[in-house]
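Peer 1: If you're matching positions, the sequence shown starts at 145 in the numbering used here and goes up one per residue.
Here a beta-carbon is modelled for each residue, glycine too, at the ideal position from N, C-alpha and C.
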Amino acid sequence: MNTSPRPKRILLIEDEHGLVVTLTDRLLGEGYSVDSAPDGVRGEKLAREGTWDIIILDVMLPHKGGLEVCRDLRGDGIATPILMLTARGEVYDRVVGLKLGADDYLTKPFEMIELLARIESLLRRPALAPNVPGCLTQYRFGSVEVDFRTMTVRRADETPVELSAREFQLLRYFIEHRGEVLSREIILNGVWGYDAMPNTRTIDTHVTWLRQKIEENPRHPQYILTVYGVGYRFAG
Ligand code: CA
Numbered sequence: 145m146n147t148s149p150r151p152k153r154i155l156l157i158e159d160e161h162g163l164v165v166t167l168t169d170r171l172l173g174e175g176y177s178v179d180s181a182p183d184g185v186r187g188e189k190l191a192r193e194g195t196w197d198i199i200i201l202d203v204m205l206p207h208k209g210g211l212e213v214c215r216d217l218r219g220d221g222i223a224t225p226i227l228m229l230t231a232r233g234e235v236y237d238r239v240v241g242l243k244l245g246a247d248d249y250l251t252k253p254f255e256m257i258e259l260l261a262r263i264e265s266l267l268r269r270p271a272l273a274p275n276v277p278g279c280l281t282q283y284r285f286g287s288v289e290v291d292f293r294t295m296t297v298r299r300a301d302e303t304p305v306e307l308s309a310r311e312f313q314l315l316r317y318f319i320e321h322r323g324e325v326l327s328r329e330i331i332l333n334g335v336w337g338y339d340a341m342p343n344t345r346t347i348d349t350h351v352t353w354l355r356q357k358i359e360e361n362p363r364h365p366q367y368i369l370t371v372y373g374v375g376y377r378f379a380g
């Protein structure tokens, strides 16, 4: 009798045939079930028709680009976690992808172990919006309201909070990992990406900026807490 749990289903939307073959082999070897589509139109159709645990979505695709596919799936309330694949240097695409509802991104070329780690992380991630599992649309802490679809932050009295794209990504990362102690290295990897390695003091600088914008009293933060000798913990 087979008592093993149902394999997690991955939809891979990618047009580089060699990459599809390599990824499929490896993911099958890791116990995942994998289906693939070589263009955005067929990929989106599969995404809508099937039941998936994760969609791996390339940005540059024939017929319909990954960003458009992501936008249209999210627009129709399809909340399956989406991991975008971007080419090196497509910084703009990353930000737009997160804005359009992608959950994470990975820059090509990447190590397989990085991809597997991202997949496991997405599968572990608790759904933030209980009504739409896996879909992060809005989050509120204190008097601050974050809207992930419009990438805007405002106070309950409607005052907008102006964040840079990086500050927004950092805030989003904190929210997604709320309650966890996050080292500076973990935050660097999660927000800046594995291939971009600014000094870890960069994080402290951005945290200072973010605190000035979202904390009632930045000198005595209530939400982005310092964990001495380690990093930070979001307590919102
Ligand atoms: Ca491509």
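Please classify Ala181: does DSSP put it in a helix, a strand, or coil?
Peer 2: Ala181 falls in the strand class under three-state DSSP.
Peer 1: Where does Glu360 land, buried or exposed, given buried means 16+ other C-beta within 10 angstroms?
Peer 2: Flag for Glu360 reads exposed.
Peer 1: Provide the residue span of the beta strand (DSSP E) that contains Gln282, from first to last.
Peer 2: From DSSP, the beta strand (DSSP E) with Gln282 extends over 282–285.
Peer 1: Within the same chain, show all residues whose beta-carbon is closer than 7 Å to that of Glu174, passing over the 5 residues directly before and after it, in chain order.
Peer 2: Same-chain partners within the cutoff: Leu260.
Peer 1: Suppose you measure from the CA of Leu315 to the CA of Thr224; what does that come to, to the nearest Å?
Peer 2: C-alpha separation (whole angstroms): 22 Å.
Peer 1: Is Val297 helix, strand or coil when you go by DSSP?
Peer 2: Three-state DSSP puts Val297 in a strand.
Peer 1: Tell me, which residues are paired with Thr251 by DSSP?
Peer 2: Looking at the DSSP assignment, Thr251 forms a beta bridge with Thr230.
Peer 1: By DSSP, does Thr166 sit in helix, in strand, or in coil?
Peer 2: If DSSP states are grouped into helix, strand and coil, Thr166 belongs with the helices.
Peer 1: Between the Cα of Asp159 and the Cα atoms of Arg284, Phe312, Ile200, which residue gives the shortest distance?
Peer 2: Out of Arg284, Phe312, Ile200, Ile200 has the C-alpha closest to the C-alpha of Asp159.
Peer 1: On the DSSP bridge list, what partners appear for Tyr376?
Peer 2: Note: Tyr376 sits in a beta bridge opposite Leu326, Thr370.
Peer 1: With a threshold of 7 Å (Cβ to nearest heavy atom), would Met204 be considered close to ligand 1?
Peer 2: Answer for Met204: yes, Cβ within range of ligand 1.
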